[in-house]
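Asker: Attaching a single structure in structure tokens format; questions to follow.
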Amino acid sequence: MRALYRRLDRRITSFRRVSGLGCPPGCGECCLSPEVEATVLEMLPLALDLRRRGLVEPTLARLGPGGEPPRPCLFYSPAPLGAFGGHCSVYPWRPLLCRLFGFAAVAGPEGRPELAVCGRMRAALPDRTRAAAAAVLAGRLRAPLMRDWSLAAYRLDPALGANPLPINSALKQALERVGLEQGLRAQPAHGAR
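Going by the numbering used here, the first residue of the sequence shown is number 1459, and it counts up by one from there.
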């Protein structure tokens, strides 16, 4: 996944440079949505980083037992009280949707790519947003396609990359997976003395 994320980040950087689009300063509104989904596979790089830092158990405790309604990402760090915005506190490890949101296209009703940007970006950069959307629709500007990047991740591991879950649920399963793997490695082989 890390190699896929590096390729995608280069692609998004190129798209941002050509289109002139960017998130409004200090904005993190997309992180507030409880609708953000990811697969377990997308969350494994973060889970591995948390394991490396000894934070699997504390993070699982913060996530809770599960079964509750989806809520915003555990790693969203709001701005100080009264200030605008917030940010992702694990930005290098964010999943596909978090990387693509605002800088990617989805298939429109006729199957042609249509730029998917957020309302805040549209309000902050109306002329650039309209120009980029028109260029993508006309085929003059190639935006990363969400479908293509999701499929690329799925191909890495169909079992872990197939089912999008609420972001915190996907993180919990990824943490449980790396925690189990760590526990199994720590166990002596059966019958060993």
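Virtual Cβ for every residue (Gly too), placed ideally from N, Cα, C.
Assign Gly1619 to buried or exposed, taking buried as 16 or more other Cβ atoms, counted over all protein chains shown, within 10 Å of its Cβ.
Answerer: buried
Asker: Within 10 Å of its beta-carbon, does Asn1626 have 16 or more other beta-carbons around it, so buried, or fewer, so exposed?
Answerer: Looking at its Cβ environment, which holds 16 or more other Cβ atoms inside 10 Å, Asn1626 is buried.
Asker: Express the C-alpha separation of Pro1602 and Arg1469 in angstroms, rounding to a whole number.
Answerer: The C-alpha of Pro1602 is placed about 7 Å away from the C-alpha of Arg1469.
Asker: Could you tell me which residues DSSP pairs with Leu1513 in its beta bridges?
Answerer: In the DSSP output, where bridge partners are listed per residue, Leu1513 has none listed.
Asker: Between Leu1633 and the ligand FMN, is there a pair consisting of the residue's CB and a ligand heavy atom that are separated by less than 7 Å?
Answerer: What this structure holds is no ligand at all, so the ligand FMN is not there to describe.
Asker: Suppose contacts are defined by Cβ-Cβ distances below 8 Å. Is Leu1607 in contact with Leu1558 by that definition?
Answerer: Just to set this straight, residue 1607 is Trp in the shown sequence, not Leu. Yes, they are a contact pair.
Asker: Just to confirm before moving on: does the CB-CB distance between Tyr1534 and Gly1486 stay below 8 Å?
Answerer: yes
Asker: Quick check: the stretch 1495-1504 against the stretch 1580-1597, are at least 3 beta-carbon pairs closer than 8 Å?
Answerer: no
Asker: To the nearest whole angstrom, what separates the beta carbons of Gln1489 and Cys1546, a pair I think is in contact under 8 Å?
Answerer: The question names Gln, yet the displayed sequence has Cys at residue 1489. Yes, Cys1489 and Cys1546 are in contact; Cβ-Cβ is about 6 Å, under 8 Å.
Asker: Based on Cα-Cα distance, which residue from Thr1517, Gln1631, Leu1532 and Lys1630 lies nearest to Pro1492?
Answerer: Leu1532
Asker: By Cβ distance below 7 Å, which residues in the same chain neighbour Leu1599 in space, the five residues on each side in sequence not counted?
Answerer: Close CB contacts of Leu1599 within its chain, under the 7 Å cut and outside five residues either way in sequence, are with Val1476, Ser1477, Ala1590 and Ala1593 (chain order).
Asker: Could you work out which residue in Leu1629, Arg1509, Ala1582 and Ala1632 is closest to Pro1483 when comparing CA atoms only?
Answerer: Ala1582
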